[in-house]
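Engineer:
2 protein chains.
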Amino acid sequence: MKTYLECIPCLVDQTIKIARQVTQDENKREILLQQVLKALSNVSYNQTPPHLGQQVHGVIRKVLGNPDPFLKLKREYNQVVKGLYPGLKQKVGSCSDKFACAIRLAIAGNIIDFGPRHHFELMKTIDQVLYKKPAIDDTPSLKEDISKASLILYLGDNAGETFFDRLLIEQMPGDKIYYAVRGAPVINDATSEDAYYAELEKVARIISNGSDAPGTILEDCSDEFKNIFDRADLVIAKGHGNYESLNEVEGKKIYFLLMVKCKIIGRDLGCQVGDFVVKREEKKTGASDQEEKSRKNQVKDMESAL
Amino acid sequence: MKTYLECIPCLVDQTIKIARQVTQDENKREILLQQVLKALSNVSYNQTPPHLGQQVHGVIRKVLGNPDPFLKLKREYNQVVKGLYPGLKQKVGSCSDKFACAIRLAIAGNIIDFGPRHHFELMKTIDQVLYKKPAIDDTPSLKEDISKASLILYLGDNAGETFFDRLLIEQMPGDKIYYAVRGAPVINDATSEDAYYAELEKVARIISNGSDAPGTILEDCSDEFKNIFDRADLVIAKGHGNYESLNEVEGKKIYFLLMVKCKIIGRDLGCQVGDFVVKREEKKTGASDQEEKSRKNQVKDMESAL
Numbered sequence: 096m097k098t099y100l101e102c103i104p105c106l107v108d109q110t111i112k113i114a115r116q117v118t119q120d121e122n123k124r125e126i127l128l129q130q131v132l133k134a135l136s137n138v139s140y141n142q143t144p145p146h147l148g149q150q151v152h153g154v155i156r157k158v159l160g161n162p163d164p165f166l167k168l169k170r171e172y173n174q175v176v177k178g179l180y181p182g183l184k185q186k187v188g189s190c191s192d193k194f195a196c197a198i199r200l201a202i203a204g205n206i207i208d209f210g211p212r213h214h215f216e217l218m219k220t221i222d223q224v225l226y227k228k229p230a231i232d233d234t235p236s237l238k239e240d241i242s243k244a245s246l247i248l249y250l251g252d253n254a255g256e257t258f259f260d261r262l263l264i265e266q267m268p269g270d271k272i273y274y275a276v277r278g279a280p281v282i283n284d285a286t287s288e289d290a291y292y293a294e295l296e297k298v299a300r301i302i303s304n305g306s307d308a309p310g311t312i313l314e315d316c317s318d319e320f321k322n323i324f325d326r327a328d329l330v331i332a333k334g335h336g337n338y339e340s341l342n343e344v345e346g347k348k349i350y351f352l353l354m355v356k357c358k359i360i361g362r363d364l365g366c367q368v369g370d371f372v373v374k375r376e377e378k379k380t381g382a383s384d385q386e387e388k389s390r391k392n393q394v395k396d397m398e399s400a401l
Numbered sequence: 096m097k098t099y100l101e102c103i104p105c106l107v108d109q110t111i112k113i114a115r116q117v118t119q120d121e122n123k124r125e126i127l128l129q130q131v132l133k134a135l136s137n138v139s140y141n142q143t144p145p146h147l148g149q150q151v152h153g154v155i156r157k158v159l160g161n162p163d164p165f166l167k168l169k170r171e172y173n174q175v176v177k178g179l180y181p182g183l184k185q186k187v188g189s190c191s192d193k194f195a196c197a198i199r200l201a202i203a204g205n206i207i208d209f210g211p212r213h214h215f216e217l218m219k220t221i222d223q224v225l226y227k228k229p230a231i232d233d234t235p236s237l238k239e240d241i242s243k244a245s246l247i248l249y250l251g252d253n254a255g256e257t258f259f260d261r262l263l264i265e266q267m268p269g270d271k272i273y274y275a276v277r278g279a280p281v282i283n284d285a286t287s288e289d290a291y292y293a294e295l296e297k298v299a300r301i302i303s304n305g306s307d308a309p310g311t312i313l314e315d316c317s318d319e320f321k322n323i324f325d326r327a328d329l330v331i332a333k334g335h336g337n338y339e340s341l342n343e344v345e346g347k348k349i350y351f352l353l354m355v356k357c358k359i360i361g362r363d364l365g366c367q368v369g370d371f372v373v374k375r376e377e378k379k380t381g382a383s384d385q386e387e388k389s390r391k392n393q394v395k396d397m398e399s400a401l
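Line order of the protein sequences matches chains A and B. Mind the numbering: the first sequence is residues 96 to 401 in our numbering, read in order. Mind the numbering: the second sequence is residues 96 to 401 in our numbering, read in order.
(1) If we ignore side chains and look at the alpha-carbon of each, how far apart do K271(A) and K321(A) end up?
(2) Could you please give me the residues that DSSP links to E376(B) through a beta bridge?
(3) Which same chain residues, not among the five before or five after H213(A), have their C-beta less than 6 Å away from its C-beta?
(4) For chain B, check one thing: does any of its Cβ atoms lie closer than 8 Å to the Cβ of R124(A)?
(5) Quick check on D287(A): does DSSP put it in helix, strand or coil?
(6) Is the number of C-beta pairs between the stretch 223 to 238 of chain B and the stretch 247 to 264 of chain B that are closer than 8 Å three or more?
(7) Between which residues of its own chain and V281(A) is the CB-CB distance below 6 Å, once the five residues before and five after are set aside?
(8) Taking the alpha-carbon of T311(A) as reference, which of G148(A), L183(A) and L132(A) has the nearest alpha-carbon?
(9) Which bits of chain A does Q129(B) rub up against, with CB to CB less than 7 Å?
(10) Cβ atoms of L237(A) and V373(A): under 8 Å apart, would you say?
(11) Tell me K333(A)'s beta-bridge partners as DSSP assigns them.
(12) If the cut is a Cβ gap below 8 Å, which residues of chain B does E339(A) touch?
(13) How is A195(A) classed by DSSP in three states: helix, strand or coil?
(14) Would a check of beta-carbon distances place E239(A) closer than 8 Å to chain B?
(15) In three-state DSSP terms, what is R300(B)?
(16) Rank K112(B), C190(B) and F165(B) by C-alpha distance to the C-alpha of D284(B) and give the top, closest one.
(17) Please list, in chain order, the chain C residues whose beta carbon lies closer than 8 Å to that of K378(A).
(18) What number of angstroms, rounded off, separates the C-alpha of P211(A) from the C-alpha of V176(A)?
(19) Note down, in chain order, each residue of its chain lying with its Cβ closer than 6 Å to the Cβ of C102(A), except the 5 sequence neighbours on either side.
(20) Write down every uninterrupted run of the beta strand (DSSP E) in the stretch 104 to 175 of chain A whose length is 3 residues or greater and which is fully enclosed by it, in chain order.
(21) By DSSP's criteria, A244(A) is part of a beta bridge. Which residues make up the other side?
(22) Check the Cβ of L100(B) against every Cβ in chain A and list those closer than 8 Å, keeping chain order.
(23) My output table needs one value for Y274(B): the three-state DSSP class, helix, strand or coil.
(24) Going straight from the alpha carbon of A400(B) to that of Q116(A), what length do you get?
(25) Output, in sequence order along the chain, the residues in the stretch 349 to 373 of chain B whose CB is closer than 8 Å to any CB in chain A.
(26) If you run the structure through DSSP and keep just helix, strand and coil, what is D232(A)?
(27) Quick check: the Cα distance between A299(A) and S139(A), rounded to an integer number of angstroms?
(28) What are the boundary residues of the alpha helix (DSSP H) that K227(B) is part of?
(29) Whose C-alpha, out of A279(B), L295(B) and A290(B), is nearest the C-alpha of M267(B)?
(30) Whole angstroms is fine: what's the gap from S191(A)'s alpha carbon to I207(B)'s?
(31) For L128(B), collect the residues of the same chain with a Cβ closer than 7 Å to its Cβ; drop the 5 residues on either side in sequence, then sort them by chain order.
(32) Would I202(B) and M354(B) be called neighbours here (beta carbons separated by less than 8 Å)?
(33) P104(B) CB to nearest chain A CB: under 8 Å?
(34) Taking the straight line between their C-alpha atoms, what separation do you get for V344(A) and L248(A)?
(35) Could you pull the DSSP bridge partners for L250(B) from this structure?
(36) How about N253(B) and G278(B): do their beta carbons lie closer than 8 Å?
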C-alpha cells in the first residue's frame with residue numbers, strides 16, 4: 096500500500112508521543128521532532144508506510160542514542176498479557192468453536208500498539224471481539240487452508256500480542272508453523288525476545304525476518320526469511336504494518352488478521368475504524384496494465400474522498 | 096505564546112487540507128507537503144505559532160506559485176456572511192443588551208476558519224453563542240473600558256468574520272476606532288479587500304498591519320500600525336492567531352475575543368474546545384525573573400499533562 100499524505104501527520108504525532116515519553120528535556124524533544132520532519136521531507140511517498148516508519152524510527156533511535164527506546168514498555172506489555180494468558184486459554188477451551196474464538200482473540204491482541212493515533216483498552220476489546228462479527232470474515236477459508244498447508248508462516252506484530260498469537264497457533268498443527276518476528280527493535284514490535292517470552296517455541300519455530308521495518312518489507316528481509324516466505328503455502332499476517340507492506344504482494348496466499356486503527360486502512364479495506372478483519376488475499380502474478388490503471392484510479396477516488 | 100510540539104502536526108494537517116483543495120496533481124501535493132516539512136524542521140519552536148504559520152504559508156504560496164490561494168474561498172465566505180448580515184443586525188437590535196449580544200455574535204463569527212483541525216457550522220454556532228455563557232466573560236469590563244477609551248484598536252481575524260466584527264463595532268463609538276487587517280494574504284485571514292467588502296470604513300478607520308503573519312507579530316508590523324497600537328488605550332483582538340502572538344505583550348490592555356478551537360489554546364486559557372471567551376489581559380511591564388520562572392514551570396506542567 097502506498098503512503099497517503101495523511102500518514103505523515105500520524106508519523107509526526109507518533110514522534111511527539113515518543114518524545115514526551117522518553118525525555119523531559121524540551122530541547123531534545125524539539126531536536127527529535129525536527130530531525131523526523133527533515134527525514135519525512137526527503138522521502139518518497141510512493142513507498143509503503145512501513146518504509147517511512149523504518150526511516151523515522153531509525154532517526155528517533157539515533158537522536159535518542161537508544162537502540163530500543165520501547166524496551167521497558169514492551170516488557171510491561173509482555174508481563175501484563177502473560178498474566179492474562181491462562182484465563183484467555185481457558186476461555187478458548189470453553190468455546191464450542193475453539194478456532195474461531197482463538198482467531199478473534201488474536202485480533203483483539205492487535206489492539207496493543209504504540210503506533211497510530213490511538214489509545215487502547217485491552218479488556219474492553221477482548222470482550223468486544225468475542226461478540227462482534229468481523230467486518231470481513233474469511234475464518235472458514237483460513238481454517239480449511241491451514242488443514243491443507245504443509246508450511247505456514249505466521250507474521251507477528253507487537254510485543255504482548257505474541258501471547259494472543261500463541262492462543263491461535265495452539266489451535267493449529269504446530270509442526271509446520273514458523274513464527275516470524277522483526278529482526279531488530281522498532282517501536283513496540285515483537286522481536287525474538289518477546290516471542291521466547293511468550294514461549295512460542297513450544298508451538299512453532301521462531302525466526303527473525305532480519306529487518307527493522309515496522310512491517311514486512313520483503314526486499315529488506317534476510318534470505319533465510321525470504322526462503323521460508325517463498326516456500327510457505329500460507330502466510331498469516333498480523334496488524335497494520337504487515338498489511339501495508341504485503342497487501343500488494345503477488346502469487347502468495349496471505350490472510351491478514353487485524354483491527355482497523357485508522358481511516359486510511361479503513362478506506363483501503365472498505366471498513367470502519369474499530370472493525371476486526373480476517374481477510375484472504377491472493378493476488379495473481381503479473382497484474383495487467385489494465386488492473387494497475389484501475390488500481391491507480393481507485394487510489395485517486397479514495398484520496399478525493401478523504 | 097510559544098509553539099507547542101502539538102502545533103506542528105496541526106500545521107502539517109492544514110498543509111494537506113490545502114494541498115487537496117488547490118490541486119489534483121498528486122506530485123505537486125507531495126512537493127508542497129515536503130517543502131513545508133522541511134521548513135518546519137528548520138524553525139525554532141520558541142517563536143509563537145503565527146511566526147511558524149507565516150513561514151509555512153509563505154512556502155505554500157511559493158510552491159503553488161499563487162500569492163493568494165484562498166481568494167476564492169474568502170470571497171465565498173464574504174458573500175455568505177453578507178447575506179446573513181441584515182438578519183444578524185436585526186437580532187442585535189431586538190436584544191435587551193445589544194452590546195452583549197453583539198459581542199457574542201462577534202465570537203460566533205470566529206468559527207469561520209480554515210486553520211486548525213476543524214469543521215465549522217456557522218448557523219449552529221450563532222444559535223449556541225447566544226445562549227451559552229462564555230467560559231471567561233469580561234464583557235462588563237470591556238464595555239466600561241470602551242466608554243472611557245479615546246483610541247480603540249480592533250484587530251480583525253478572518254474574511255467573512257469581518258461582518259460580525261461590524262455588528263460589534265456598530266455598538267461602539269465609531270469615531271475612535273481603528274480596524275486592522277493583515278498586510279497581505281495569508282490563509283483566509285481578512286485583508287483590506289475583505290474589510291471594505293464588509294463596509295467597515297463606515298464604522299471605523301481601516302488600516303493594514305503591514306505583515307503577512309496569521310496573527311499580530313508586532314516586530315513584523317508596519318511603523319504606522321505600531322504607532323496606533325502604542326497609542327491605543329484599548330486593543331480588541333479576535334481569534335487564535337492574535338491571541339497566540341499578543342497574549343504575552345506587556346503594558347497594554349487587550350481584550351481577546353475568540354472561540355477555543357484546539358486543546359493547546361484551551362489549556363492555555365483553562366477552557367474547553369468549543370468555549371467562547373472574552374478575556375481581559377494587561378500584563379505589567381517588566382515581568383520579574385520570578386514570574387518568568389513560574390511561567391516556565393507552568394508551561395512544563397501543561398506539557399506533561401498533554
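Heads up, the beta-carbon is just placed ideally off N, CA and C, and yes, glycines get one too.
Structural biologist: This is what the structure gives:
(1) Numbered from its first residue, the first sequence carries residue 271(A) at position 176. Numbered from its first residue, the first sequence carries residue 321(A) at position 226. Rounded to whole angstroms, K271(A) to K321(A) spans 17 Å at the Cα level.
(2) Taking the second sequence and counting its residues from 1, one reaches residue 376(B) at position 281. I349(B).
(3) Start at 1 with the first residue of the first sequence, and residue 213(A) comes out as number 118. With a pLDDT of only 45 at H213(A), under the threshold of 50, the placement of this residue in the model should not be trusted; the figure read from the coordinates follows. If we look at H213(A) and ignore the five residues flanking it on each side, its Cβ neighbours are K356.
(4) On the first sequence, residue 124(A) is found 29 positions in, with the first residue counted as 1. In terms of beta-carbon proximity, R124(A) lines the interface with chain B, with at least one pair separated by less than 8 Å.
(5) Locating residue 287(A) in the first sequence gives position 192, where the first residue counts as 1. Rather than Asp, the amino acid found at residue 287(A) in this sequence is Ser. Correct three-state label for S287(A): helix.
(6) With a cut-off of 8 Å, the stretch 247 to 264 of chain B and the stretch 223 to 238 of chain B do not count as touching, because too few Cβ pairs lie within range.
(7) Within the first sequence, the letter at position 186 stands for residue 281(A). The residues are H152, D307 and P309.
(8) Reading the first sequence from its first residue, position 216 is the one you call residue 311(A). For T311(A), the nearest C-alpha among the options comes from G148(A).
(9) In the second sequence, residue 129(B) corresponds to position 34, counting from 1. Residues of chain A with a Cβ closer than 7 Å to the Cβ of Q129(B) are, in chain order, S136.
(10) By 1-based counting over the first sequence, the position of residue 373(A) is 278. By 1-based counting over the first sequence, the position of residue 237(A) is 142. For V373(A) and L237(A), yes; Cβs fall inside 8 Å.
(11) One-based indexing of the first sequence puts residue 333(A) at position 238. Answer is L352(A), bridged to K333(A).
(12) Taking the first sequence and counting its residues from 1, the one referred to as residue 339(A) is at position 244. For E339(A), there are no C-beta contacts with chain B under 8 Å, since the nearest C-beta of that chain is about 18 Å from it.
(13) Translated into positions along the first sequence, residue 195(A) becomes position 100. In the three-state reduction of the DSSP assignment, A195(A) falls in the helix class.
(14) Taking the first sequence and counting its residues from 1, the one referred to as residue 239(A) is at position 144. With 8 Å as the cut-off, E239(A) does not count as an interface residue toward chain B.
(15) Counted from its first residue, the second sequence places residue 300(B) at position 205. For R300(B), the secondary structure class from DSSP, reduced to helix, strand or coil, is strand.
(16) Here the question's residue 284(B) lines up with position 189 in the second sequence. Per the Cα distances, F165(B).
(17) The displayed structure is made up of protein chains A and B, and chain C is not among them.
(18) Along the first sequence, read from residue 1 onward, the residue named residue 211(A) stands at position 116. Along the first sequence, read from residue 1 onward, the residue named residue 176(A) stands at position 81. The predicted model places P211(A) with a pLDDT of 49, which falls under 50 and marks its position as unreliable; any figure quoted below should be read in that light. Each residue's alpha carbon lies about 21 Å from the other.
(19) Translated into positions along the first sequence, residue 102(A) becomes position 7. Same-chain partners within the cutoff: P144.
(20) Complete beta strand (DSSP E) runs here, min 3: none at all.
(21) In the first sequence, the residue the question calls residue 244(A) occupies position 149. Looking at the DSSP assignment, A244(A) forms no beta bridge with any residue, so it has no partner.
(22) As a first step, residue 100(B) is located in the second sequence; it is residue number 5 there, counting from the start. Result: I111, A114, R115, R124, E125 and L128.
(23) As a working mapping, residue 274(B) is identified with position 179 in the second sequence. Y274(B) falls in the strand class under three-state DSSP.
(24) The residue given as residue 400(B) occupies position 305 in the second sequence. The residue given as residue 116(A) occupies position 21 in the first sequence. Model confidence at A400(B) stands at a pLDDT of 46, short of 50, so the residue's coordinates are unreliable; what they give is reported in the following sentence. Cα-Cα distance, rounded: 12 Å.
(25) Of all residues in the stretch 349 to 373 of chain B, none places a beta-carbon less than 8 Å from a beta-carbon of chain A.
(26) In the first sequence, counting from the first residue as 1, residue 232(A) sits at position 137. Three-state DSSP puts D232(A) in a strand.
(27) In the first sequence, the residue the question calls residue 299(A) occupies position 204. In the first sequence, the residue the question calls residue 139(A) occupies position 44. CA-CA distance, A299(A) to S139(A), rounds to 37 Å.
(28) By 1-based counting over the second sequence, the position of residue 227(B) is 132. No alpha helix (DSSP H) contains K227(B), which DSSP labels as neither H nor E.
(29) Numbered from 1 along the second sequence, position 172 holds the residue referred to as residue 267(B). Ranking the options by Cα distance to M267(B), first place goes to L295(B).
(30) Sequence index remark: in the first sequence, residue 191(A) carries index 96 (1-based). Sequence index remark: in the second sequence, residue 207(B) carries index 112 (1-based). Straight-line Cα distance between these residues: approximately 57 Å.
(31) Within the second sequence, residue 128(B) is the residue found at index 33, counting from 1. Hits under 7 Å: T110, I111 and A114.
(32) Here residue 202(B) refers to the residue found at position 107 of the second sequence. Here residue 354(B) refers to the residue found at position 259 of the second sequence. Taking 8 Å as the Cβ cut-off, I202(B) and M354(B) qualify as a contacting pair.
(33) Here residue 104(B) refers to the residue found at position 9 when the second sequence is read from its first residue. So, interface residue.
(34) By one-based count along the first sequence, residue 344(A) stands at place 249. By one-based count along the first sequence, residue 248(A) stands at place 153. So the alpha carbons of these two residues sit roughly 15 Å apart.
(35) Here residue 250(B) is taken as the residue at index 155 of the second sequence, counted from 1. BP columns for L250(B) point to A275(B) and A332(B).
(36) Numbered from its first residue, the second sequence carries residue 253(B) at position 158. Numbered from its first residue, the second sequence carries residue 278(B) at position 183. No, the Cβ-Cβ distance between N253(B) and G278(B) is not below 8 Å.
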